[in-house]
Every structure is written in C-alpha cells, then in structure tokens.
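S.K.:
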Amino acid sequence: MGSPDVAYAPSIDGAPPAQSPPPSDYTDTTYLRFLASNAEAGSIIGKGGSTISDFQSRSNARIQLSRSYEYFPGTSDRIIMVSGTFGEVLYAIELILTKLANEFYAEDGDEAEPRSKVRLIVPNSSCGGIIGKGGSMIKSFIEDSQANIKISPQDNSLNDRLVTVVGTLQQQVQATNLILSRLSEDLYYIQSMGPAFTYAAPYGVPNYGPNGGGKKLQNNKEEISNSVTLGVADEHIGIVVGRSGRNITEISQISGARIKISERGDFIHGTSNRKVTITGSQRAINVAEAMIMHKVASASAASPPPPPPPES
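In terms of our numbering, the sequence shown is residues 7 to 318.
(1) Going by Cα to Cα distance, which pick from 182, 281, 135, 186 is closest to residue 247?
(2) Take every Cβ of the region 146 to 158, pair it with every Cβ of the region 173 to 188, and state whether three or more of those distances are shorter than 8 angstroms.
(3) Helix, strand or coil for residue 166 per DSSP?
(4) Which residues in the same chain as residue 102 place their Cβ atom closer than 7 angstroms to its Cβ, once the five residues preceding and following it in sequence are excluded?
(5) Where residue 43 and residue 285 are concerned, what is the direct C-alpha to C-alpha distance, given to the nearest angstrom?
(6) Are the CB atoms of residue 119 and residue 170 within a distance shorter than 7 angstroms?
(7) With distances taken between CB atoms, is the gap from residue 168 to residue 88 smaller than 7 angstroms?
(8) Does the pairing of the region 294 to 308 with the region 261 to 268 give three or more beta-carbon distances under 8 angstroms?
(9) Between residue 78 and residue 69, is the Cβ-Cβ spacing less than 7 angstroms?
(10) Check whether the Cβ atoms of residue 94 and residue 65 sit closer than 7 angstroms, and answer yes or no.
(11) Using CA coordinates, which residue listed in 160, 177, 172, 129 is at the minimum distance from residue 198?
(12) Looking at the strands, I want to know which residues DSSP matches up with residue 175.
(13) Express the C-alpha separation of residue 52 and residue 273 in angstroms, rounding to a whole number.
(14) In terms of alpha-carbon separation, which member of 194, 172, 131, 300 lies closest to residue 161?
(15) Taking 6 angstroms as the limit between beta carbons, can you name the residues of its chain near residue 109, skipping five residues before and five after?
(16) Taking 8 angstroms as the limit between beta carbons, can you name the residues of its chain near residue 278, skipping five residues before and five after?
(17) For residue 57 and residue 305, I'd like the C-alpha separation in whole angstroms.
(18) Excluding sequence positions up to five away, which residues of its chain have a Cβ less than 6 angstroms from the Cβ of residue 242?
(19) Please state whether DSSP places residue 125 in a helix, a strand or coil.
(20) By how many angstroms is the C-alpha of residue 122 removed from the C-alpha of residue 45?
(21) What's the gap between the Cα of residue 100 and the Cα of residue 270?
(22) Which one of 177, 163, 166 has the shortest CA to CA distance from residue 154?
(23) How many angstroms separate the CA atom of residue 189 from the CA atom of residue 275?
(24) I'd like to confirm the pairing. Which residues does DSSP put opposite residue 285 in its beta bridges?
(25) Measure the Cβ-Cβ separation of residue 359 and residue 144 and say whether it is below 7 angstroms.
(26) Using only CA atoms, which one of 235, 195, 192, 124 lies nearest to residue 104?
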C-alpha cells in the first residue's frame, strides 16, 4: 500500500479544514492510538458528547477513549483509538489535533504557530518500519514534515512504544500522515488491531470483540453491541435518573444506548456505588458515559460543603 496524496489545510483559528477529506482509495480498516490528558480527553468528548459525535460524523471514523481512570502505564494520560479507512483516520486525527491546538496551545507564548506534542502508541514490532535501516525512514519523516519525532526505548513489560511528534499543527498532521502511511503497509500492524485499552482493567472495562470493538459491519448500518458498567454514588443516582426519569430518557435518546441502574442496595462490591450498565455501540456508550459523568460532576459541584467543626 503506497502513501496516499492527502493534502489538508488545517486552521489554528478554529475554522474547519479548507477542504473536506478527499475520497480515499485505501478502504482497508486501519487505526491509530495516542495519549491525551484528562483535560484534553474532555475537550475531545465535548459537552454531552457533542464534539466526539461531530468528529465521528464528519470523518466517518470511530473514536474510542479509555475511561478517566484508565491510563497508559507510567503516565497519567488516557488512551484514544481512532479507526476507519486511512483517509477517515487521518481526517479525524486532524480534527482532534486542531481542536486541542485551538483550546490548549493557541496562546502558548508569543509564537505565531505554537508547537505542541502528540504521543502515538505503536507496537514494538512495527517501530522498526518507522525507524528504517540505519534510521533512514525516521530521518526522512523529520525532513518531510519538519516535526521532531522520537521513539521511546523498548520496555520489555509492554508490547508498545511511544512515538512523540513535536511541532506546529501542520507539522504534526504531516508527520502523522507519514507514520500512519508506513504503519498501514505493515500487515502485522493491521492484524494487531484488537482491544483499544489493554493496559488498565479496573471494574467494568468494555467487553471488546476480537475485531477491536464496535467495528462497522459491511452494511455500514449495524454495529456490534458492547456493555460497560459504571459506579455512581448512591446519592447521585437521582440526578442521573431525573424527575420522572426525564434525564435518563434524554441520555438514552441522544446516545442511542440502553441504560440500566441497579436496585437500591445493589452496590459494586466494597463500595456504596450503584451499578449503571450502558449497552450499545461503542459510539453510543461513549456519548452516554460522557453525559452521565457530566451530570454527576455538576451534582458534586453543587453539593454544599460540610459544616465546619465546632469550636472548642
């Protein structure tokens, strides 16, 4: 598979790219994983899941996020996986990087074009193709994109390494294009697409299928159904349900997910948290979970502080 001629014009001022993604001849499914802080992940999700839904709709790629307490080992960053055709993935990545550049780096210092970094997660076995013989491939990527690209040392306890790309938005997009193009030529890399978040597995990790979870079927309409269970403090269940079930009905209608809450007294073992089970496509689960967490966070912020201790 050769490198496609993808020429986007991302904009730092928040405007959409100058042209929509060109039709891609690269119809095989590929993927790309990278890291994002909790704040960046929140920006990507958007209020009520609006941003991630918009990005998925515009790019036709699937965007999955590990949950707020599931981090890549040795970091406090969440894992994001984007999957689809080459053009879909690259366009979604551009939308995400543009959003982050506008929100977190647009006023960073006096630079007209601020530089930031994105850390890609690449299987150990695929890093050699990025490095090339004698480092020739990564040198050409650096020259072509003008970005700074570094690969972390191999950690025998992990199957992946981090590829850090530092540069302006345009440089990051170009470097990502080159790296993803190279990875997409690697048959092992494509075959290795499995569960997006294999490192952190606390209670209620999504049950991803062998195809990586939520992969579109051939008719492009049906999606594989997954299920996740959240723990929500008993005192916050009321705000999730809403008066006469209004809130939970709204969340279900907007996200397309089915939501079930455990009976009173049926808690996650060892806690006073009720079980909130979300079932549906991965996209629906992402949106529903974001909306539920937003309501819980709002309720927590509105709770009055505890009274001060009595004076002695």
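Note that the Cβ used here is the ideal one computed from N, Cα and C, for glycine as well.
All values derive from a computational prediction rather than experimental measurement.
M.R.: Quick answer:
(1) Here residue 247 corresponds to residue number 241 of the sequence shown, with the count starting at 1. Minimum Cα distance to residue 247 is reached at 281.
(2) yes
(3) Position 160 of the sequence shown, counted from the first residue, corresponds to residue 166. Under the three-state reduction of DSSP output, residue 166 falls in the strand class.
(4) As a position in the sequence shown, residue 102 is number 96, starting the count at 1. The answer, listed in chain order, is 50, 61.
(5) Residue mapping note: residue 43 aligns to position 37 of the sequence shown, counting from 1. Residue mapping note: residue 285 aligns to position 279 of the sequence shown, counting from 1. The alpha-carbon atoms of residue 43 and residue 285 are separated by roughly 26 angstroms.
(6) On the sequence shown, position 164 is the one that residue 170 refers to. On the sequence shown, position 113 is the one that residue 119 refers to. No, these two residues do not count as a Cβ contact at 7 angstroms.
(7) Here residue 168 corresponds to residue number 162 of the sequence shown, with the count starting at 1. Here residue 88 corresponds to residue number 82 of the sequence shown, with the count starting at 1. Result no, Cβ atoms of residue 168 and residue 88 do not sit closer than 7 angstroms.
(8) yes
(9) Within the sequence shown, residue 78 is the residue found at index 72, counting from 1. Within the sequence shown, residue 69 is the residue found at index 63, counting from 1. Result no, Cβ atoms of residue 78 and residue 69 do not sit closer than 7 angstroms.
(10) Taking the first residue of the sequence shown as position 1, residue 94 is located at position 88. Taking the first residue of the sequence shown as position 1, residue 65 is located at position 59. Yes, these two residues count as a Cβ contact at 7 angstroms.
(11) Your numbering for residue 198 matches position 192 in the sequence shown. When each option's Cα is compared against that of residue 198, the closest is 129.
(12) For the purposes of this step, residue 175 is taken as the residue at position 169 of the sequence shown. Answer is none; residue 175 lacks a bridge partner.
(13) As a position in the sequence shown, residue 273 is number 267, starting the count at 1. As a position in the sequence shown, residue 52 is number 46, starting the count at 1. Taking the straight line from one Cα to the other gives about 29 angstroms.
(14) By one-based count along the sequence shown, residue 161 stands at place 155. Among 194, 172, 131, 300, the Cα nearest to that of residue 161 belongs to 131.
(15) Here residue 109 corresponds to residue number 103 of the sequence shown, with the count starting at 1. Contacts found: 49.
(16) Here residue 278 is taken as the residue at index 272 of the sequence shown, counted from 1. Contacts found: 239, 240.
(17) Taking the sequence shown and counting its residues from 1, one reaches residue 57 at position 51. Taking the sequence shown and counting its residues from 1, one reaches residue 305 at position 299. Whole-angstrom Cα-Cα distance: 22 angstroms.
(18) Numbered from 1 along the sequence shown, position 236 holds the residue referred to as residue 242. Excluding residues within five positions, the ones whose Cβ falls inside 6 angstroms are 302, 305.
(19) On the sequence shown, position 119 is the one that residue 125 refers to. Strand.
(20) In the sequence shown, counting from the first residue as 1, residue 45 sits at position 39. In the sequence shown, counting from the first residue as 1, residue 122 sits at position 116. Their Cα atoms are separated by approximately 15 angstroms.
(21) Counting from 1 along the sequence shown, the entry for residue 100 is found at position 94. Counting from 1 along the sequence shown, the entry for residue 270 is found at position 264. Counting only the Cα atoms, residue 270 lies some 45 angstroms from residue 100.
(22) By one-based count along the sequence shown, residue 154 stands at place 148. Of 177, 163, 166, the residue nearest in Cα terms is 177.
(23) Here residue 189 refers to the residue found at position 183 of the sequence shown. Here residue 275 refers to the residue found at position 269 of the sequence shown. Roughly 42 angstroms separates the two Cα atoms.
(24) Working through the sequence shown from its first residue, we reach residue 285 at position 279. Residue 285 pairs with 233, 264.
(25) What is shown of the chain runs 7 to 318, which leaves residue 359 out entirely.
(26) The residue you call residue 104 lines up with position 98 of the sequence shown. For the residues 235, 195, 192, 124, the minimum Cα distance to residue 104 belongs to 124.
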